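For reference, the structure is listed below as structure tokens.
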Amino acid sequence: MILISTVIVAIMLLAAVAALLFKNHVAAVAAVGILSLALSVLFVILKAPDVAMTEAAVGAGLSALVLALGLRRLGLWQIESSNSTQSSIQKSGEHTDA
Amino acid sequence: MTPLDYLLLLSLLTVVIALVAGHRSMGGVWLTFTYAAQLGGLMLMAGLTNQPDVITSSLSFTILGQSLTWRYDALSWYFALITISAGLLSTMYTAGDWGEKFRADGGNLWLLHVAIALNVLSMLILLGSGDLLTLFIGWELVSWASFLLMILAGGPSIQAAIRYITYAMGGAMAILAGLALIYGHTDSFTYPAAANILHSLSTAHLWAPLLLLTLGFGVKMALLPLHLWQAAAYAHTPGPGAAFLGAISSRMGLYALIVVLIQLVGLVRVIELPVLFSFISARDVLAWVAAFTIIFPTFTALRQNDARMLLAWHGIGQGGYMLLGLVMGDALGSAGGLMHVFNHATYQAALFFSVAAVVYRTGTADLNRLGGLVARMPLSFLAMLVGIIGLAGLPPMNGFVSKWLVYRSLMLEGEPLLFVAAVVGTLGTILSVYKLIHNMFLGQLRVEHENIREAPWSMTAPMLILSVVVFVTGLMPGLVLQWIAGIQATVGLPVIDYSLGGLDSAQGSLDMLWVVGVLFAGFGIGAVLFYSGGRTHRVHQLDNYAGGHFLSADIRYHYSDNFYPGLMRLIGPLYRYSFAWLESAVQSGLGLLSLSTQGFYRRVAPANYALVTAVLVLLWVML
Amino acid sequence: MTLFGLEITLDLILYTGAFGLIVIGAAGIVLAHHLFRVILALAIAEAGANLLLVLSGYRWDAIAPILSGSESAAPMVDPVPQAMVLTAIVIGVGVQALAVGLAMQVKKTYGTLDMSAIRQRLEADIAGTAGIATTGSQDAPLGERPLPPADAVPVTPGSSAR
Amino acid sequence: MNQIVLIVVLPLLAAFLVPIVARMSASLGAALGPLVMGVCLWITGTVAIESAGNAFAINIGGFMPPLGITFFVDRLALLFAFLTALLVLVLWPFQGEHRPREHALTLILAAASGGLALSGDLFNIYVFYELVSVASFGLVATGRRSSAPAIRYLILSGFGSVLALVGIALVYTQTGTLNLAHLSQLAPTHLINPIGLAAFALILLGVGVKAELFPVNTWVPEVYATAPNRVSALLAGLVSKLAALVILRLLVLVFAQEQALLVMLLLGLLGVITGELAAWRAQDMNRMLAYSSIGQLGMVFVAFSIPGETGVFAGLAIALHHLVVKPALFLLAARWGGALSGLAGAAGGNLPAALLFTLFALSLVGVPPLPGFWAKLLLVMGLAEQVGPLYHFALAGILIATVVEANYLFRIVSTLFHRDSPASPAPQKHSGGDIATAGLFGASLIAAVLLLIPLSQSLKTIAQQTADAAAYRAVVTLAPTTSTLGDTQ
Amino acid sequence: MRNLASLLFAGGLGFLLMVFGLQFDFGNAPMLVGQAIQSAAPEQVGAANIVTAVVLGYRGIDTLGELAILFAASTAVGLILGHRHTSTKPDPDSGLILRAGGELLMPLLLVVGLYIILHGHLTPGGGFQGGVILAAAFFIPVLARPSTPLKHTGMMLIEGFSGAAFILIGLAALYSGGEFLQPLLDKGTLGNLVSAGTLPLLYLAVGLKVGAELAGLLAHLAAAEVSES
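Rendered as structure tokens:
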């Protein structure tokens with residue numbers, strides 16, 4: 001049980017970090033979905049089947065759908081990574097932040 | 001219903017009448033009558049001055065477990081007398097032509113009447129305070145009523161009024177803090193409880209409330225580092241309003257200080273209370289603050305070129321004499337301080353009335369644009385002459401008596417340095433009041449003022465009444481001193497041994513009847529000599545010559561600019577070290593803080609502080 | 001099993017997971033430059049909090065809180081935190097949907113999703129509506145103010161100085 | 001008396017149905033909301049009369065307390081339920097175009113506020129708190145340019161919710177229960193320790209977002225500057241008070257320890273100081289009011305940090321005073337939104353508005369005999385009774401902040417009445433409704449002066465009842481099996 | 001620099017929370033309430049799934065609040081993005097296969113969703129999980145044919161009336177002399193489909209509400225127009 005939990009927790013944390021670090025937003029949303037799925041597996045291990053189902057349906061399914069729709073409408077739906085306008089904004093943001 | 005209830009009701013009625021009829025042309029007259037009625041109501045309580053007694057109002061509440069009561073004693077009565085008289089005369093002054101002109105110039109006469117009536121009411125309430133809580137409530141009411149009076153003219157008065165209210169709120173909050181400290185020890189706001197606890201507190205604990213209360217009440221008195229607001233605020237108030245404020249408003253601070261320092265703490269304790277070093281007592285500190293309050297504002301007044309500002313600055317300086325006399329704590333000093341309240345009110349009001357009359361006729365109070373008005377406005381001149389003699393503290397006016405008492409007390413108490421300071425202040429006063437009367441009434445009449453007439457009787461009458469009072473109480477100070485003696489008996493000070501002409505006691509004697517008699521005899525002899533020579537004849541002011549030139553209307557031989565050049569060369573550089581830098585430093589410091597706090601609220605990441613605080617609190621919890 | 005002297009237990013791992021998610025989420029909320037990333041970070045942090053709640057009701061050798069037949073005496077894990085998490089998850093998705101909707105509106109209004117750019121344009125916008133000169137001029141290079149103050153009172157520069 | 005639950009349920013029902021009803025009949029849809037709020041007022045009133053001031057508990061679903069959710073109804077809860085309904089009714093968006101969705105959100109806000117006032121269950125409070133949040137995000141975002149502030153608010157609030165949830169998890173792990181009465185019973189053994197304190201701090205930071213608590217209130221200026229003024233009035237007037245009420249309940253019942261009070265005191269004091277200082281240099285009316293609101297709420301927290309009934313009394317007085325004053329000020333600011341310097345002579349255009357503003361400013365500063373003075377006096381008295389330099393330090397901070405407050409408020413008042421400035425354009429006239437509503441608040445302020453003695457007495461009774469944790473525990477009868485900890489096996 | 005500080009603080013938060021977390025006696029939850037509920041739930045509520053008993057019975061008002069939150073979120077999104085159907089350029093319709101698949105899938109999802117909802121009191125699952133699936137069912141046509149908007153009126157009716165039904169069931173209990181949301185009707189046999197009194201009805205209301213709500217939300221988000229920059 002420790003082993004499985006460790007693996008799942010590791011996946012979760014990695015997915016979380018990835019969701020924040022991926023340049024591509026679609027990949028980030030996917031990472032959040034993976035996180036949710038891993039979490040729902042963990043819930044099953046923790047004997048919470050109801051929660052696991054909800055997490056899978058809501059967290060991995062619905063939430064990802066909402067985010068994906070958001071990406072689509074925000075003009076961030078690029079499967080290929082890196083785009084010029086965004087990085088320029090980011091640069092200016094960093095500049096003003098300093 | 002006690003007489004006090006009648007008085008307060010009459011005062012309330014005055015406010016109501018002002019609200020209802022303040023804008024009518026006859027409103028001022030009715031109000032004058034109601035003030036007279038208030039004075040009558042006060043006279044019903046005149047018995048207070050004879051015996052240490054109190055008259056309680058049937059008005060009282062119990063709120064938040066604290067009872068609020070109001071009562072009058074000799075001290076309240078004395079201050080109330082001055083307050084109502086000032087209100088009466090100011091309203092009388094306003095009621096006639098001055099008010100019409102004020103309204104015609106776009107002023108809000110209704111508001112002026114209401115403001116004065118509110119001021120009188122709130123002061124009467126303050127003077128009646130029967131415990132610390134009512135004292136504070138009355139104090140706040142007075143502050144805000146004065147604010148209304150100050151701000152109603154608009155224009156430059158707004159800035160001054162805002163400055164005033166900031167200082168006043170600062171003072172009020174200091175008072176509240178002081179009261180809170182007292183309350184923290186007693187759980188009560190009543191005078192006896194407060195007096196008990198203040199008596200039993202150790203020196204270390206007594207300091208904070210005493211300092212806070214003195215600072216707070218001192219703001220109203222414009223004691224030295226806190227004096228910056230007063231001159232401009234009073235000077236920019238419309239004429240009679242300025243007279244009212246100058247006469248009585250800042251004396252409320254003195255009233256409250258008497259209550260706290262003398263009635264609650266006890267002057268003996270103040271005299272003993274060491275500050276930092278055992279050889280400096282709280283009394284010394286107060287006395288020196290008072291002395292500096294005499295000197296600095298008086299010499300600031302010397303530099304003013306606006307008659308109203310000049311008077312207002314003097315008002316601050318004169319407050320110093322009152323406090324100085326009071327903290328001496330002996331019969332003479334305290335009598336002098338208390339009497340100076342009355343005297344100052346009379347001549348200050350007369351002076352402001354006179355200046356307002358000049359402004360009414362000429363449209364300016366700029367000392368460099370006036371002169372020679374004595375020929376056109378003799379009655380106003382007379383009032384000003386009496387007033388400045390009083391202000392300078394010269395016989396035969398009443399200002400002399402009170403200042404004499406203070407000087408005498410300073411010498412008897414062995415305070416030569418303070419005595420010198422007081423005399424230096426008087427010197428400055430004499431110099432500046434000479435500037436005042438010279439630049440306004442003496443010398444060359446300006447061409448544009450050729451056709452000016454004396455102010456109407458509604459304006460001259462109040463100032464002449466005041467002039468008569470200034471003179472009569474100078475001649476027979478016993479009239480006032482009887483009230484003072486009553487106060488001293490009530491608040492627990494040594495009682496002065498007075499007579500009609502002054503005093504006659506072991507500490508010194510003064511008989512103004514004699515002094516004035518001798519003085520007038522001297523004047524008489526001089527006049528006889530002057531007129532008997534028969535070598536005088538009247539000429540027009542331009543029928544004259546100077547430096548070999550005949551004078552024409554375009555030549556100014558009335559030197560009002562650059563007054564006292566020698567003196568100014570001597571002390572002029574000292575003016576650079578003003579107290580204003582302190583105020584502006586506080587202001588810019590606050591501004592900086594304010595901007596940085598705004599910066600705090602404008603961070604980019606909204607949750608940053610939540611995270612930081614969470615970590616800090618958790619860390620603190622763990623440790 | 002020990003690692004660097006620290007005994008690796010199940011609770012250590014699970015708590016690491018829960019708090020790790022919260023920390024990563026918090027770091028994302030605070031550090032991310034992009035609004036959408038912040039919304040993701042919020043979801044991550046919420047997931048961590050949910051896990052923590054479930055952990056608070058966990059019991060060794062207990063069964064899931066579902067009665068099957070008669071043996072109702074068997075120990076169960078605490079059902080209450082599970083119910084709470086159920087609620088919290090749904091709340092989370094509601095808030096998230098609202099956030100996405102708002103983000104769309106922000107994008108429409110200001111044309112950017114960069115946190116600091118939003119902050120600046122917001123400041124300029126508020127100041128512009130109120131007719132106040134902004135203190136900072138850093139918003140200048142990013143383009144003009146997207147929304148002209150339509151019904152704002154036109155204030156001439158002279159009259160604003162008092 | 002269990003119909004009190006209707007004040008939560010009926011607005012929710014109405015909110016669900018408003019879109020449908022509005023589709024069928026626009027006027028009926030528009031009338032539904034006010035009608036329901038009126039009914040809520042009536043229900044609260046009848047329950048208040050029926051209960052005669054005695055506290056009672058309602059077990060939702062009929063389950064014994066620690067198992068089910070309890071609504072605890074005492075004077076304080078009824079007062080705030082009443083004020084919620086009243087304020088929502090008074091600030092109802094009668095004017096402007098009729099938008100059923102806006103009405104639905106307002107109704108939800110009302111329901112959730114009622115829930116916050118009544119709920120006696122930690123997680124239930126969290127749910128209602130989130131409901132208030134979501135409804136207020138939606139309402140805030142109805143402003144023309146308030147989407148960015150709304151989402152920044154949402155992020156902060158969301159992070160706060162995560163913290164609060166962690167705090168709740170800590171509490172639950174320690175005690176295994178969520179019922180406030182039960183927690184109160186277990187607190188001496190299980191929560192008066194570092195973990196309890198940590199949980200309190202986390203919950204405080206979470207709930208503090210709505211209550212404009214010091215470091216988590218950065219949303220306040222920008223949201224109030226851009227949201228519709230009615231919404232600002234609701235948030236500043238009502239929602240912040242309910243969040244403070246929740247914190248008060250938790251503090252009195254569950255986390256009654258010295259360090260918790262200390263945290264409150266520090267954060268509250270910092271709120272007072274930063275709020276008033278920032279307001280001093282604010283350049284537009286809305287943000288000035290927002291900063292001042294932060295300062296006032298800071299005072300409420302300082303008051304709550306005074307242990308015992310005194311603190312509750314003072315805090316409630318300040319909160320109620322602010323609840324009357326701030327919405328009215330926001331309504332007045334609706335047409336005075338521009339730069340403060342542009343308001344010169346605004347009184348000429350609208351004298352009643354300027355006079356009302358002056359009245360509220362006087363009361364905020366605390367000029368006797370207006371209610372603001374008595375509230376501040378209570379706080380001062382409470383702080384003075386405490387020993388310890390920190391309390392006296394707080395006293396000094398609050399008094400200094402008052403001076404700053406007087407300065408900026410009366411700078412504005414004098415600007416309003418400043419006559420000789422023909423150059424500046426006249427600000428817009430207020431709508432009659434805004435003035436009337438603000439006048440209503442002003443009238444209630446004056447009425448409070450006249451009724452000061454009975455009001456202060458009844459508020460004192462409320463404070464006594466609120467501060468009495470033992471009475472709370474006595475009212476909520478717990479199921480016998482769960483009363484002690486330890487028999488878990 | 002600031003980033004580093006923030007990271008440090010975040011790490012500090014984690015460390016501190018860890019310290020607190022590890023003080024707990026993990027795996028031995030006190031379960032004061034949990035235990036009592038476990039023993040009382042079969043008689044009081046009659047649901048085999050204790051979580052359902054808690055969600056709809058013991059903590060029913062939480063669930064109502066939760067529904068209201070979803071409703072509020074969807075309403076707010078509608079309010080923010082709602083009235084902008086002017087020049088929205090919808091995504092092109094997807095291909096035949098997707099459309100056909102969608103039309104096939106929809107009834108299937110509806111059935112599955114309803115099944116999960118109606119068995120919520122017996123097995124894991126229930127109104128929320130089923131509701132999400134219902135939402136997917138409602139939303140699939142929109143995905144398949146973005147040009148045909150969701151039938152808002154129907155959704156609105158389901159949304160409104162299912163929410164109202166939940167409350168009305170609760171109120172019925174209140175007016176039959178009990179408390180708000182008190183379980184009504186016969187408890188039935190533990191484990192049967194028709195058991196646990198009003199619980200399945202409540203869950204049905206929840207499921208429909210959630211489904212309609214989420215579908216509406218998704219439709220709003222999908223239909224929103226944001227200028228491409």
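Protein chains in written order, with our numbering: chain L, 1 to 98; chain B, 1 to 623; chain W, 1 to 162; chain Z, 1 to 489; chain P, 1 to 229.
The C-beta atom is built at its ideal place from N, Cα and C for all residues, glycine as well.
The structure presented is a predicted model; accordingly, all values stated were derived computationally and were not measured.
Nonlocal neighbours in the same chain, by C-beta distance under 8 Å from residue i, ignoring five residues either side
| i | result |
| --- | --- |
| W:Ala140 | For W:Ala140, the predicted structure reports a pLDDT of 39, less than 50, and the residue's modelled location is therefore unreliable. The matter cannot be settled from this model. |
Nearest-angstrom Cα separation, counted from residue j out to residue i
| i | j | result |
| --- | --- | --- |
| Z:Glu102 | P:Leu67 | 17 Å |
| B:Met26 | B:Ala145 | 24 Å |
| L:Ala48 | W:Tyr58 | 9 Å |
| Z:Ala104 | W:Lys107 | 26 Å |
| B:Leu64 | B:Asp187 | 12 Å |
| B:Gln230 | W:Ser116 | 47 Å |
| Z:Gly115 | Z:Gly138 | 19 Å |
| B:Ala287 | B:Met463 | 33 Å |
Secondary structure of residue i, DSSP reduced to three states
| i | result |
| --- | --- |
| B:Ile63 | strand |
| Z:Thr189 | helix |
| Z:His322 | helix |
| W:Trp60 | coil |
| W:Ser137 | Legend: pLDDT at W:Ser137 = 40, less than 50; position of this residue unreliable, value from coordinates given subsequently. DSSP places W:Ser137 in coil when its eight states are reduced to three. |
| Z:Gly342 | helix |
| B:Arg556 | coil |
| B:Asp366 | strand |
| B:Gly502 | strand |
| B:Val433 | helix |
| P:His152 | helix |
Residues near residue i by beta carbon distance below 7 Å, same chain, minus five either side
| i | result |
| --- | --- |
| L:His25 | Leu71, Leu76 |
| Z:Pro34 | Leu89, Trp92 |
Integer-rounded CB distance, given that residue j should sit under 8 Å from residue i
| i | j | result |
| --- | --- | --- |
| Z:Tyr224 | Z:Ala236 | 7 Å |
Cutoff 6 Å; reference residue i; Cβ partners in own chain excluding five residues on either side
| i | result |
| --- | --- |
| P:Phe139 | Ala215, Leu218 |
| B:Ala232 | Ala160 |
| Z:Phe82 | Thr44 |
| B:Val142 | Ser122, Met123, Leu126, Met252 |
Check: residue i C-beta below 6 Å from any heavy atom of the ligand ADP
| i | result |
| --- | --- |
| W:Gly20 | As presented, the structure is devoid of all ligands, the ligand ADP included, so that no description of it is given. |
> Residue ranges of each beta strand (DSSP E) run of no fewer than 3 residues wholly in the segment 31-95 of chain Z, ordered along the chain?
Replying inline: List check, beta strand (DSSP E) in window: 56-59, 70-73.
> Mind pulling the alpha helix (DSSP H) runs of 4 or more residues that sit fully within the segment 317-403 of chain B?
Replying inline: 331-362, 378-392
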